[in-house]
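A.B. asks: In this note's numbering, the protein residues as written are 9 to 580.
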DNA sequence: GCCGTTTTCGGCCCGACTGTTTTCAGTCG
């Protein structure tokens with residue numbers, strides 16, 4: 009069984025949970041959690057690194073001990089120390105911690121005093137009124153246990169597109185309150201993370217009390233979790249949690265930085281502050297009791313000697329070091345985008361005509377649009393055979409003759425068959441401007457086979473862009489198992505490109521893989537996979553992901569004119 | 001358990017809200 013990075017991260021997180029319940033040194037616990045995050049966000053496979061004999065201690069937060077533990081996990085699939093710890097801290101206890109209101113200390117007490125190890129036992133104890141008798145517990149906690157058991161657990165994440173709808177709703181709602189000045193939805197939403205666990209809303213206003221009241225009375229609120237003078241927390245009907253924080257204007261920048269996170273980035277920034285004798289919190293930057301910055305976000309960075317760092321970069325993935333060296337990327341913006349390479353029409357599974365898609369693309373200021381309807385293997389979508397594609401080519405030629413300042417690119421979304429061949433013959437493919445190629449079937453091939461299948465497809469000289477390179481659907485379907493590093497190396501050698509599919513269900517490439525593509529010098533096509541005219545606006549999600557992957561205009565294929573792109577499309 | 005231009009030991013980010021307390025621990029972000 010190959011050990012994936014997520015397996016290692018899970019083991020470390022579980023170990024950290026149990027250590028926490030056991031009352032271990034909190035910094036040791038943090039070390040395991042940091043390591044879990046580092047491994048989970050690694051572009052390469054840690055298992056491969058071990059096999060290749062690479063030095064794991066070069067990774068941030070991984071020392072000699074953790075490197076050895078990673079090696080053990082890779083070789084044996086488990087961690088002996090975790091098994092040992094599970095001997096006196098039952099592994100199921102980590103599940104109890106997922107209950108709101110129950111952290112490591114209370115779980116420890118429940119286990120020690122009442123012998124509780126499972127959710128079932130917890131429920132029984134609560135029903136018998138045993139929990140409220142414990143020191144540090146009360147009726148409220150007991151009640152909460154009974155209500156929450158079997159409910160949605162902590163840590164469920166929603167797609168960015170859904171988060172966006174919710175965010176827009178609350179901003180509209182809060183704008184109606186008199187005295188509200190700035191409103192910003194911070195957190196991972198502002199960092200444009202592909203999924204969001206909760207929404208952090210920040211306001212400046214003249215009347216905190218009325219804003220808080222308005223907030224908890226929002227129509228989509230299911231339950232008020234807490235309500236204070238400057239901070240309130242609610243659970244929405246959709247199950248997602250939303251926090252509101254009101255801060256004075258003079259603290260707005262510091263609060264925005266604080267609530268944008270990520271946590272790891274914040275901690276790193278504050279450590280820089282500590283070294284300079286500064287204290288940084290959501291109210292400002294302080295030297296002793298004196299505030300030296302905080303009104304604007306830029307001031308916080310300046311106080312620790314850094315230029316402004318874009319929210320999408322704030323993951324402590326090296327952005328602080330890059331900022332220190334003066335080497336922050338100038339991130340691509342949606343204004344840089346000059347066209348879209350992936351769009352469908354109603355000839356296959358889209359909803360609008362060729363002409364309608366073109367009008368929509370022109371309305372977005374684009375110079376070109378590649379029409380990439382499905383090919384024949386994708387029968388469910390009435391994919392094109394050679395004859396229909398030939399007709400389509402003529403149709404586009406006629407349309408282009410009528411257009412000025414805009415080019416419809418002749419293309420198709422080819423299916424990469426199980427054996428690695430493409431599902432239309434070269435004689436028609438050579439008539440096209442470009443192709444996007446993707447996997448739609450046989451997701452479950454073993455890693456080696458899947459990788460070689462795609463590599464074989466890339467050998468076809470008509471293969472230009474690998475579309476949605478891992479096939480994942482966020483929260484629905486895992487990526488197929490493929491060696492992305494080999495795919496990228498092959499793409500670079502052959503002069504192919506990778507798509508960053510901007511559909512909010514896909515966002516495929518991931519942020520980590522996008523960064524990897526950049527580091528390997530591969531240009532990325534940010535595309536929407538539009539199936540209707542309005543889908544062209546998914547470009548904003550693609551851009552967000554691209555920015556999280558450190559892409560600059562230079563790195564993006566469709567931030568160029570069609571004339572420039574044609575030069576790049578010549579396969580080596 | 002990690003880490004180092006205050007280095008190999010002694011640090012390790014910071015505050016709000018709640019419930020259970022009677023001054024604060026625990027949880028959460």
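The C-beta atom is built at its ideal place from N, Cα and C for all residues, glycine as well.
This one's a predicted model, so the numbers in the text were calculated from it and none came from an experiment.
Taking Cβ positions, are residue 577 and residue 442 nearer each other than 9 Å?
C.D. replies: Yes, Cβ-Cβ distance for residue 577 and residue 442 is below 9 Å.
A.B. asks: Can you list, in chain order, the residues of its chain with a C-beta nearer than 7 Å to that of residue 468? Leave out the 5 residues immediately preceding and following it.
C.D. replies: Cβ within range, chain order: 430.
A.B. asks: Using three-state DSSP, classify residue 80 as helix, strand or coil.
C.D. replies: Helix, per DSSP.
A.B. asks: Between 91, 166, 347 and 388, which lies nearest to residue 371 when the distance is taken from Cα to Cα?
C.D. replies: The candidate whose alpha carbon is nearest that of residue 371 is 347.
A.B. asks: For residue 101, name the three-state secondary structure that DSSP assigns.
C.D. replies: Three-state result, residue 101: helix.
A.B. asks: Exposed or buried, residue 24, counting other C-beta atoms within 10 Å across all chains shown (16 or more means buried)?
C.D. replies: Residue 24 is buried by the Cβ-count criterion.
A.B. asks: Go ahead and pull the three-state DSSP assignment for residue 348.
C.D. replies: In the structure shown, residue 348 sits in a strand (DSSP, three-state: E or B).
A.B. asks: Could you check what DSSP says for residue 258 in three-state terms: helix, strand or coil?
C.D. replies: If DSSP states are grouped into helix, strand and coil, residue 258 belongs with the helices.
A.B. asks: With residue 274 as the anchor, note down where its alpha helix (DSSP H) starts and where it stops.
C.D. replies: Where residue 274 is concerned, the enclosing alpha helix (DSSP H) stretches over 271-283.
A.B. asks: Given this structure, state the Cα-to-Cα distance separating residue 566 from residue 573, to the nearest angstrom.
C.D. replies: About 8 Å.
A.B. asks: Could you give the distance in angstroms between the alpha-carbon of residue 213 and the alpha-carbon of residue 222?
C.D. replies: Cα-Cα distance, rounded: 13 Å.
A.B. asks: Where does residue 21 sit, in a helix, a strand or coil, going by DSSP?
C.D. replies: Residue 21 falls in the helix class under three-state DSSP.
A.B. asks: Going by DSSP, what residue range makes up the beta strand (DSSP E) through residue 153?
C.D. replies: Where residue 153 is concerned, there is no enclosing beta strand (DSSP E), although the alpha helix (DSSP H) it sits in stretches over 147-156.
A.B. asks: Whose C-alpha, out of 284, 297, 240 and 321, is nearest the C-alpha of residue 268?
C.D. replies: The option with the nearest alpha carbon to residue 268 is 321.
A.B. asks: Which one of 357, 121 and 109 has the shortest CA to CA distance from residue 141?
C.D. replies: Selected option, being the one with the closest Cα: 121.
A.B. asks: Relative to the C-alpha of residue 452, which residue among 236, 51 and 461 is closest?
C.D. replies: For residue 452, the nearest C-alpha among the options comes from 461.
A.B. asks: Just tell me which of 288, 381 and 318 has its CA closest to the CA of residue 3.
C.D. replies: Given that the chain is displayed from residue 9 to residue 580, the structure contains no residue 3 and the question cannot be resolved.
A.B. asks: Given this structure, state the Cα-to-Cα distance separating residue 365 from residue 54, to the nearest angstrom.
C.D. replies: If you take the alpha carbons of residue 365 and residue 54, they lie about 43 Å apart.
A.B. asks: Does the distance from the C-beta atom of residue 428 to that of residue 463 stay below 9 Å?
C.D. replies: Contact: yes.
A.B. asks: Would you decide whether residue 35 is buried or exposed? Buried here means 16 or more other CB atoms lie within 10 Å of its CB.
C.D. replies: Per the 10 Å Cβ criterion, exposed.
A.B. asks: Give the DSSP-derived three-state secondary structure of residue 287 in the structure shown.
C.D. replies: In this structure, residue 287 counts as strand in the three-state DSSP scheme.
A.B. asks: Please determine, among 204, 554 and 37, the residue with the shortest C-alpha to C-alpha distance to residue 172.
C.D. replies: Measuring from the Cα of residue 172, the nearest candidate turns out to be 204.
A.B. asks: Does DSSP classify residue 160 as helix, strand or coil?
C.D. replies: Note that residue 160 scores 47 on pLDDT, short of 50, meaning its location in the model is unreliable; the coordinates nonetheless yield the value given after this. If DSSP states are grouped into helix, strand and coil, residue 160 belongs with coil.
A.B. asks: Is the separation between the beta-carbon of residue 220 and that of residue 235 shorter than 9 Å?
C.D. replies: Yes, the Cβ-Cβ distance between residue 220 and residue 235 is below 9 Å.
A.B. asks: Starting from residue 449, follow the alpha helix (DSSP H) in both directions and report where the run begins and ends.
C.D. replies: That residue, residue 449, is in no alpha helix (DSSP H); it is neither H nor E in DSSP.
A.B. asks: To the nearest angstrom, report how far apart residue 144 and residue 357 are at their CA atoms.
C.D. replies: Residue 144 and residue 357: Cα-Cα distance of roughly 59 Å.
A.B. asks: Can you tell me which residues form a DSSP beta bridge with residue 509?
C.D. replies: Answer by DSSP bridge pairing, in chain order: 516 and 535.
A.B. asks: Here's the rule: buried if 16 or more other CB atoms are within 10 angstroms of the residue's CB, otherwise exposed. What is residue 393?
C.D. replies: Exposed is the call here.
A.B. asks: How big is the Cα-Cα spacing for residue 401 and residue 532?
C.D. replies: Roughly 25 Å between the two C-alpha positions.
A.B. asks: Rounded to the nearest angstrom, what separates residue 193 and residue 550 at their Cα positions?
C.D. replies: Going from the Cα of residue 193 to the Cα of residue 550 covers about 19 Å.
A.B. asks: To the nearest angstrom, how far is the alpha carbon of residue 529 from that of residue 497?
C.D. replies: For residue 529 and residue 497, the distance between alpha carbons rounds to 10 Å.
A.B. asks: Which of the three DSSP states is assigned to residue 231 in this structure?
C.D. replies: If DSSP states are grouped into helix, strand and coil, residue 231 belongs with the strands.
A.B. asks: Assess contact between the stretch 325-342 and the stretch 505-516, defined as three or more Cβ pairs (one per stretch) separated by less than 8 Å. Is contact present?
C.D. replies: With the cut-off at 8 Å, the stretch 325-342 and the stretch 505-516 do not touch.
A.B. asks: For residue 239, collect the residues of the same chain with a Cβ closer than 6 Å to its Cβ; drop the 5 residues on either side in sequence, then sort them by chain order.
C.D. replies: Only 253 meet the Cβ criterion.
A.B. asks: Determine the closest residue to residue 483 out of 40, 207 and 167, with distance taken between C-alpha atoms.
C.D. replies: Measuring from the Cα of residue 483, the nearest candidate turns out to be 167.
A.B. asks: Indicate whether the contact test is met: 3 or more Cβ pairs, each with one atom in the stretch 109-123 and one in the stretch 16-30, closer than 8 Å.
C.D. replies: Judged by Cβ distances under 8 Å, the stretch 109-123 makes contact with the stretch 16-30, as three or more pairs qualify.
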